[in-house]
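Chains as they are written, first to last, in the UniProt record's numbering: chain A, 1 to 453; chain U, 1 to 193; chain C, 1 to 288; chain P, 1 to 339; chain E, 1 to 233; chain G, 1 to 210.
For reference, the structure is listed below as C-alpha cells.
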Ligand SMILES: Cc1cc2nc3c(=O)[nH]c(=O)nc-3n(C[C@H](O)[C@H](O)[C@H](O)COP(=O)(O)O)c2cc1C
Ligand SMILES: Cc1cc2nc3c(=O)[nH]c(=O)nc-3n(C[C@H](O)[C@H](O)[C@H](O)COP(=O)(O)O)c2cc1C
Ligand SMILES: Cc1cc2nc3c(=O)[nH]c(=O)nc-3n(C[C@H](O)[C@H](O)[C@H](O)COP(=O)(O)O)c2cc1C
Ligand SMILES: Cc1cc2nc3c(=O)[nH]c(=O)nc-3n(C[C@H](O)[C@H](O)[C@H](O)CO)c2cc1C
Ligand code: SF4
Ligand code: SF4
Ligand code: SF4
Ligand code: SF4
Ligand code: FES
C-alpha cells in the first residue's frame with residue numbers, strides 16, 4: 001500500500017509509522033536536573049579519537065574548565081560539567097560494554113556552579129576557520145545521537161560547495177521530545193547557531209526540517225525568525241526515519257546521496273537543532289558543553305520529562321531521581337527504534353544521549369517465536385534505502401555474508417530498524433545486518449592487510 | 001508425412017514435449033549441473049549448440065545412409081559423428097576459454113553421452129523432418145533443455161538457503177522439484193497443435 | 001553386398017573423423033601440467049584454506065610450480081604430505097603443528113553476567129549489544145560461534161559454556177579465530193605450553209568481581225619467570241616465546257590460575273597456589 | 001540503591017505487533033465466506049471434501065513435525081489455509097480418500113521437503129492439486145451440479161468411495177463454463193458467473209465473495225494488492241485484445257475473468273507470499289505472467305483451465321524474478337542485475 | 001616421474017595409431033552390425049508384416065489377404081508390389097474369394113501428447129467405416145489411451161457414416177461429440193476425461209476421410225463399372 | 001561421481017567387484033547415472049526388466065571389448081572409439097529385441113537406441129574397463145548391470161503397482177482399483193526415484209546414528 005502514498009513529493013520512499021508516544025513529555029518544559037555527587041566522564045564520548053586528559057587526580061576544577069583537549073582533528077575537547085575535585089582517573093564503563101579512560105569528578109555540594117567564560121567568538125566578524133575551531137574547542141559533537149565532531153562535518157572538502165544548510169528538527173524517533181522542546185524554548189540560540197553555521201559552511205540558505213506532529217515548534221520558529229537571515233521552515237509529513245540525514249535531504253531537496261558518499265555530494269550539510277542551539281549558546285561566550293537536554297520517559301518512569309542534565313551524570317543516579325517502576329526490565333539510551341540497551345547502570349550520560357527510556361517487563365513486547373521469513377514483503381516496503389531485507393535476512397541466517405555485501409548492498413543499510421519493526425515473523429533483521437556488516441568489514445580489512453603484506 | 005508448422009515444431013519440442021521433463025532425455029546433466037545458475041546457463045548453451053550441430057550432421061548422414069541403403073548404420077554413425085564433434089568443440093573451448101572449460105568440468109564429455117542430443121537426431125529422423133524443420137526442432141529442444149535447466153537451477157540456488165530436512169537433501173529434493181516442474185509443464189499440453 | 005557398402009561407409013566415416021580429430025588435436029592442443037591433477041588428487045579436498053590458498057586446486061598449482069611446500073597443508077596426514085613431496089621431488093617443508101588456543105577461562109561457573117542478553121543466540125550478534133552482557137567485557141560469551149564454524153569438530157562447548165579445543169582434531173585452519181567477536185582465539189605452535197588464559201585489561205579487585213579466574217595483573221608470574229620471559233603489559237602478562245619458554249615456574253604462584261600450562265594432551269594445568277574452583281553450577285547474574 | 005538485572009537486546013525495541021500467525025488467521029477468516037458459499041451451493045458434498053482436505057493437511061503438518069522432532073507448527077494456521085484452498089479447488093463430489101491424499105501431498109511434498117513454512121518454492125495447495133489432477137484426472141474433472149434440491153440431505157455416492165477404489169459418479173453435471181466454451185463454444189453470462197450459479201470446483205463459483213475476502217485482506221495490509229491486480233489486469237488486457245480482434249472465436253474478457261478458478265487463484269493462491277517474488281516490480285511481472293499464461297492455456301492449449309499451471313509455472317520462475325528484478329537501492333544508479 | 005613424461009610424450013607420434021584404432025574399430029563394428037542385421041532381418045520383417053496384417057484384419061473383419069496401394073497426386077490409386085520401399089498409404093483387403101472387403105487407411109494427427117497414428121477400415125459398398133485401430137500413440141496411459149481400448153468408443157466405428165454425395169464430396173464430415181450426445185451416424189461419441197484424445201481421433205478421421213474416401217468411392221464405382229478389371233488379374 | 005577405481009590399488013576381491021555395483025556403488029541410487037532410461041522406461045515392471053537386461057548386456061559386451069582393446073586405443077580417440085564399440089552392441093541389441101517381439105520394441109521406444117548414450121556405460125568403460133583386466137571388467141559390468149536392473153525394477157514395480165494396479169501385467173487388485181495415473185507419467189518417475197532415495201537416506205541416517 002505504501003507506494004500509493006509515496007506519490008507525495010515532500011518525502012522519501014517507504015518508511016514506517018510507529019506510534020509516536022510523545023504526548024507524555026512533549027508538553028513538559030525543560031527542567032534543570034540536580035547534580036550527582038560524583039560525575040563520571042568517559043573520554044570516548046564521540047566518534048573519533050578520545051580526548052586527552054589535561055588534569056591530574058586530586059585537582060580541583062571549576063565548572064566549564066577544560067578537562068581534556070582534542071586529541072587530533074577528529075576529536076573534541078571536554079569541559080567540567082560541575083565544579084569539583086578530580087578524585088580518580090581510571091577506566092569507566094561505556095554503553096558499548098567497552099571500558100574507556102575517564103574522569104571521576106566529585107561535585108562540590110554547595111558550589112554556585114558558575115560557568116567559566118572563554119574566548120567569545122563574534123558571529124559577525126569571525127572567519128569560518130575561527131568558528132570551526134571554536135566549535136571544536138567547545139567540545140561540540142552531533143547531539144542528534146551520532147556524536148560526530150561537528151567541526152569535521154562542517155569542513156567543506158576542497159572542490160565542493162555547500163548550498164544548503166539543513167537543520168534537523170525532525171525527531172522521528174517515538175517517545176523523544178528533546179528537539180521539540182529545544183525548538184520551542186531556545187529559538188534565539190538556534191538562530192544564532194544558524195548564523196555561525198551559515199558562515200562556517202558558506203551555505204546560502206538554511207532550511208529547518210520539522211515533522212508535522214511538531215507544528216507548534218514550526219510556528220514558533222517562524223514567528224520569531226529574525227529579519228535578514230535566509231532561513232526557511234519546512235514542515236514534513238510524519239514518517240520514520242525522516243530524521244536520518246539521507247532521508248531528510250531527500251525529503252527537503254528531492255536529491256539522493258550516492259551510496260557510500262556524504263551529504264555534501266548533494267550540496268547540503270545536516271545539523272541537528274539541539275547541536276545548532278548549543279553552538280548558538282556557547283560560542284558567543286567561548287564556553288564548552290556541560291549539559292544537554294534529555295527526554296526521560298517510557299512506561300517505567302515515574303517523573304517523565306525533558307531535563308537539562310549535566311554530561312557525566314551516572315545513569316543510576318538519573319533513574320533514582322526520576323523514580324522507576326519496580327518491574328523495570330530494560331533501559332535504553334536513545335529512542336526505541338535505534339537506542340541501545342543498557343547492560344550496566346554505572347555508565348553515565350554522554351553528549352550523544354538524547355533520551356532515556358525505561359520499559360518494564362510487561363511493556364517489552366518481544367515475541368518468543370521467530371517464524372521463518374514468509375517473504376511477505378513488509379520489510380521491502382518499509383526499508384527507506386530500498387534494500388531487500390528479506391533476502392538479506394535469509395542470507396545472513398545461512399552466513400552468506402559476502403553475497404549480502406556484493407549482491408544485496410548490505411553496506412548501505414543504516415540500521416534504522418524499520419524492517420525489523422514491521423516483520424510479522426519477528427526476525428531480528430537489524431541484528432543480523434549489524435553482525436554481517438561487522439564481519440564484512442573485518443574481512444575487507446583482512447584482505448587489505450594481506451595485499452599490503 | 002508431417003504438416004506441422006515450424007512454430008509448432010518449436011513449441012512442441014521446447015514446452016509441450018520438453019526433452020527433460022516430458023521425454024526424460026538428458027537427465028544426468030539436468031541433475032548434475034543444475035546446482036548453480038551460472039554453470040546451468042553455460043551448460044544449457046553448450047547443449048543447445050551441440051544439439052544444433054548434431055541435428056544438422058544427422059540430417060546429412062541420414063541422407064547419405066538412405067542413398068547407400070544402409071539404415072542399420074544409422075545409430076552408430078550418428079553417435080560417432082556427434083561424439084567427434086563434441087570432442088572437437090571441447091578442444092576448441094579449452095583453447096579459447098580455459099575458465100569456461102574448468103567450470104563445465106567433466107560435463108563437457110558428458111554432453112556426448114547426453115541422451116537429449118542423440119534423441120534430437122533420432123526423433124527428427126523418425127518424424128521425417130526436412131532440413132529446416134530439423135534445425136528448428138533442435139533449437140526448440142535445446143531451448144527447452146535450457147529452460148528446464150535454468151528453472152531448476154534457480155530453485156536449487158534458493159534451496160541453498162532453506163532449512164531442508166536432512167532426508168530430502170541432495171538428489172532427492174532435486175528429483176522432487178523436477179517432478180513438480182514436470183507437472184507444471186503438463187499445463188502446456190496441446191499448445192503446439 | 002551390403003557388407004561391403006557398410007564397411008566402406010563406416011570405415012570411411014571413421015577415417016574422416018579420425019583425421020579431423022588428429023588435426024584438431026595438433027592445432028588445439030593446450031598443455032596443462034598433468035601433475036596438477038595428480039597432486040590435487042593427493043590433497044585432502046577439504047578446501048579449508050589453511051594452506052593460505054583459496055582451495056586445494058590452487059594450492060596444488062602452487063605446489064607444482066614450486067611456490068609452496070606440502071607442509072603448508074595442515075589437514076593432510078604426514079604420510080600424505082610426504083607422498084606429495086616424494087611425487088614432486090621436493091622437501092616436505094614441515095611446519096610445527098599449530099592449534100587454536102583460547103585466551104579466556106571464564107566459564108559460567110566463575111564469571112558473571114551483568115545483564116541477560118535476549119536475541120539471536122550467537123556471539124557475533126550478542127557482542128553488538130552492549131558487549132553481550134558479560135561482566136568481563138573481554139570474556140567469552142559462550143554462544144559457541146566457534147563451535148559452529150569449526151569444520152573439523154575440534155571445538156566443543158563444555159558445561160560452563162566455554163569452548164574446548166581438541167588438539168588432535170584442530171587443523172589450525174583459523175576459522176575460529178575469524179569467528180570469535182572477542183578475538184579470543186589465536187593459532188599457537190603446539191610447543192607453546194605456557195599460556196595466558198585471560199584478556200581482561202582491568203586489574204585487581206575489579207577483575208575478580210567479574211571473574212574468579214581473571215588475571216589481576218599482580219605480576220607474580222613475571223617476577224618468577226626466568227630471563228624476563230614474561231612482562232606485564234596493559235595489565236596482562238605477555239610471554240616472549242622467542243625466549244626459552246619451556247618452564248612451568250611462572251604458573252606456580254598465580255593466585256587465580258589465569259596463566260596455565262598446556263600438557264601434551266592439551267589439558268590446562270594450573271599452579272599450586274591458584275584458588276580451587278569448586279562451583280559446578282553457574283554464578284548468579286550480577287546486578288546492573 | 002537501584003539494583004536490578006536488566007535484559008539487553010538489539011534495537012528496535014518495539015514492533016508493529018503483527019505476526020505471521022495473525023496474518024494466516026486472517027486469511028482463514030477471509031476464506032470462510034467462500035467456504036460457506038460453496039457449502040451453500042453444493043451442500044454436504046463440499047463440506048465433506050473441504051473438511052477432509054483441511055484435516056489431512058493439518059494432520060500431516062503435525063505428524064511431520066513430530067517425526068522430525070520439532071515443535072508442532074500447526075499453530076501458525078498456514079496448513080489450514082493450504083487445506084482449505086485445496087478443498088476449494090476440488091470438485092464437490094470428489095472422493096474423500098483422494099482429498100485426504102491431496103492434503104498429505106500438499107504438506108509433505110509441497111512444503112515439508114523444502115523445509116516447511118517459508119521455504120516452499122511452489123504453492124503447496126496447488127502442488128497437491130496438480131498431483132491429484134495427474135493421478136486422478138477423471139475424478140477431478142467430473143463436475144457436480146450446484147443447487148440441487150437435496151444437497152443438504154444427501155451425499156453423492158462418489159464422495160464415499162472406498163479408498164483406492166475408482167469412484168462411480170451418479171449425478172454428472174454439464175461442463176464447467178470454460179469447458180462448455182472450449183469444446184462447445186457456449187458462453188455463460190457474466191452475472192451467473194459472478195454469483196456462482198454454475199458448476200465447477202467448490203471454491204471457484206463465487207467471484208464476488210472471493211473479491212470481498214481479498215479486499216478485506218488488502219485493507220488490513222495482509223495481502224499484496226499488486227498480485228491480484230496484475231493477474232486480473234493482464235488477463236483482462238490479453239483476452240480483451242483477442243476479443244476485439246475476433247469476438248466470434250474469442251470470449252469476452254469479462255467471461256475470462258469470472259470463469260473458472262482465475263478469481264480464486266488471483267486473490268488467494270497467486271498471493272501466497274512464500275512462493276511469489278518480493279519486490280514491487282517483481283510482483284507485477286509475476287502477476288502478469290500468471291494472467292497471460294492463463295489466457296494462453298485457455299485459448300490455445302489443450303486444457304480448458306490453466307490457472308493452476310500458470311501459478312505453478314510462475315512460482316518456478318519467481319526465484320529468477322527475485323534475482324533479476326531488484327529495487328533500485330537508494331543512492332545507486334540502476335537496478336542491480338543478478339551477479 | 002615416468003607417468004609425467006609419458007603424458008607429455010604421448011602427443012606427437014601416434015597419429016597413425018589413432019587412425020588405425022578408430023578405423024579398425026569402425027570396420028569391426030560395421031561387420032558386426034551388418035551381420036546381426038542380415039540375421040534378424042527376415043524375422044523382423046515377418047513380425048512387422050504380421051503386425052500390420054493383424055491391424056488390417058482387425059479393421060476390415062473377414063479379410064484374408066491384402067494389397068497395398070499408393071495414392072497418386074491426381075487422386076488415382078496405384079499398386080505397390082511386395083518389397084517396394086515407398087510408403088503405402090492404404091491397403092485393400094480381400095476375403096477368401098478375392099472379393100473386396102474394404103480399404104484400410106492409415107492416418108495421423110496431433111493428439112493430446114504427441115502425434116497419434118491410426119488405421120481405419122472403410123467399406124465402400126455400405127459407405128461406412130467398419131473398424132478402427134490405434135497404431136501408435138503417446139496418449140496418457142489410463143486416460144487418453146482409452147481411444148484404443150474402450151469398448152464403447154470403439155463401437156463408434158462399427159458403422160460410421162461416410163457416404164459421398166453426388167458432388168463427389170463427403171456428405172457429412174466425421175466429428176466427435178460429447179459422450180452420450182451422439183445423434184447422427186457420422187458422429188463419434190467421445191470419452192469423458194479424454195475429450196481431447198477422442199476429439200483428435202474425430203479430427204484425424206474427419207480430415208483423412210474428406211480426402212481419401214471420395215477417391216476410394218470413385219475408384220470403387222469405377223472398378224465396379226469395369227467389373228474390377230484391375231483387381232482380378 | 002565415479003569412485004576412484006583407478007587409484008584404489010588395494011586388494012579388492014572379485015566378489016567385492018561384483019557386489020559393489022549392486023549396493024554400495026549402485027549406479028542409480030548412489031551414483032545417479034543413466035537416469036534417462038531409469039525414469040523413462042520404468043513405467044512397468046516388464047519394461048524396466050527388459051531395459052535393465054538390455055543395458056546390462058551392452059555394458060558387459062562393451063566392457064569386455066574395451067578392456068581387450070585398452071592398450072591399443074590412444075587417449076585422444078578414446079571416447080570416439082568406445083562409443084563406436086558401445087553403439088555396435090546397442091544396434092545388435094536393438095535388432096535382437098525387434099526380432100524377439102515387436103511389441104516390446106515399441107514400448108521401449110527410442111530408449112533402446114539411447115542405451116548408447118547411457119552415462120553409466122561410458123563411465124564404466126572409461127573409468128573401469130579401460131584400466132582393468134578382462135576378468136575384473138566382466139565382474140564390474142555384471143555387478144553394475146545387475147545393480148542397474150535391480151534399481152530399474154524397484155522403480156518399475158512401484159510405478160506399475162500404483163499406476164496400473166498390476167505387476168508384470170497381472171492385476172493385483174480386484175476390479176475397480178483406481179490407478180494413480182501420475183505414476184506412469186514423467187512426474188511419477190521423478191517422484192518414485194526421489195522416494196527411493198528418501199528411504200535410502202533415512203535408512204542411512206539411522207544407521208549412522210546407531
Ligand atoms: C567515520 C566518519 C567520517 C565522517 N566524515 C565526515 C566528513 O568528512 N564530512 C562530513 O561532512 N561528515 C562526515 N561524517 C559525518 C556523517 O556525514 C554524519 O553526519 C554523521 O555520521 C552522523 O549522521 P547520522 O546521525 O545520520 O548517522 C563522518 C562520519 C563518520 C562516522
Ligand atoms: C549512528 C547513529 C546516529 C544517530 N543519530 C541520531 C540523531 O542524529 N538524532 C536522533 O534523534 N537520533 C539519532 N540516533 C538515534 C538515537 O539513538 C535516538 O533514537 C534519537 O535520538 C531519537 O531522536 P528523535 O526523537 O529526534 O527521533 C542515532 C543513532 C545512531 C546509531
Ligand atoms: C535512522 C536514523 C534516524 C535519525 N533520526 C534523526 C532525528 O530524528 N533527528 C535528528 O536530528 N537526527 C536524526 N538522525 C541523525 C541524522 O542523520 C544526522 O546525523 C543528524 O541530524 C546530524 O546532526 P548532528 O550531527 O548535529 O547530530 C537519524 C539518523 C538515523 C540513522
Ligand atoms: C495471502 C495468502 C495466500 C495464501 N495462499 C496459499 C495458497 O494458495 N496455498 C497454500 O498452500 N497456502 C497459502 N497460504 C498459506 C501459506 O503462505 C502457505 O501455507 C505457505 O506457502 C507454506 O509455506 C497463503 C497465505 C497468505 C497470507
Ligand atoms: S535496518 Fe537497514 S535494511 Fe532494515 S529498513 Fe533500515 S536500512 Fe533497510
Ligand atoms: S517482513 Fe519479515 S517475514 Fe516479511 S519478508 Fe521481511 S523478513 Fe520476511
Ligand atoms: S570463544 Fe568467542 S566465539 Fe567462541 S563462544 Fe566464546 S565468544 Fe563465542
Ligand atoms: S576452527 Fe579453530 S579449532 Fe577448528 S580446526 Fe580451525 S583453528 Fe582449529
Ligand atoms: S542417461 Fe545420462 S543423460 Fe540420459
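Every residue gets a Cβ at the ideal spot worked out from N, C-alpha and C, and that includes glycine.
Of the candidates 53/A, 117/A, 189/A, 51/A, 117/A places its Cα closest to the Cα of residue 285/A.
Residues lining ligand 3 by the Cβ criterion, that is a Cβ closer than 5 Å to any of its heavy atoms, are 142/A, 144/A, 146/A, 168/A, 170/A, 171/A, 172/A, 241/A, 243/A, 244/A, 245/A, 270/A, 271/A, 272/A, 275/A, 414/A, 416/A in chain order. C-alpha of residue 11/P to C-alpha of residue 336/A: approximately 7 Å in a straight line.
Taking a Cβ-Cβ cut-off of 8 Å, the neighbours of residue 18/C in chain G comprise 77, 80, given in sequence order.
Under the three-state reduction of DSSP, residue 320/A is assigned to helix. Using beta-carbon distances, residue 70/A does not count as an interface residue toward chain C, since no partner is under 7 Å. Taken atom to atom, the span from the alpha-carbon of residue 126/U to that of residue 37/E is near 19 Å. In this chain, the alpha helix (DSSP H) harbouring residue 148/G covers 134-164.
For the UniProt domain "FMN-binding" (111-212) of chain E, the set of residues with a beta-carbon nearer than 8 Å to any beta-carbon of chain U comprises 112, 113, 114, 115, 196, in chain order.
Here the distance from the Cβ of residue 87/A to the nearest heavy atom of ligand 6 is not below 6 Å. Beta-bridge partners assigned by DSSP to residue 94/E: 65/E, 100/E. Contact of residue 404/A with chain C by beta-carbon distance below 7 Å is absent, the smallest such distance being about 14 Å. Within the stretch 22-102 of chain A, the complete beta strand (DSSP E) runs of at least 3 residues fall at 30-32, 38-42, 66-69, 84-93. Residue-level contact by beta carbon fails for residue 199/A and chain C, as no gap is shorter than 7 Å. For residue 115/U, the nearest beta carbon of chain P is not closer than 7 Å to its own beta carbon. In the three-state DSSP reduction, residue 8/U falls in the helix class (H, G or I).
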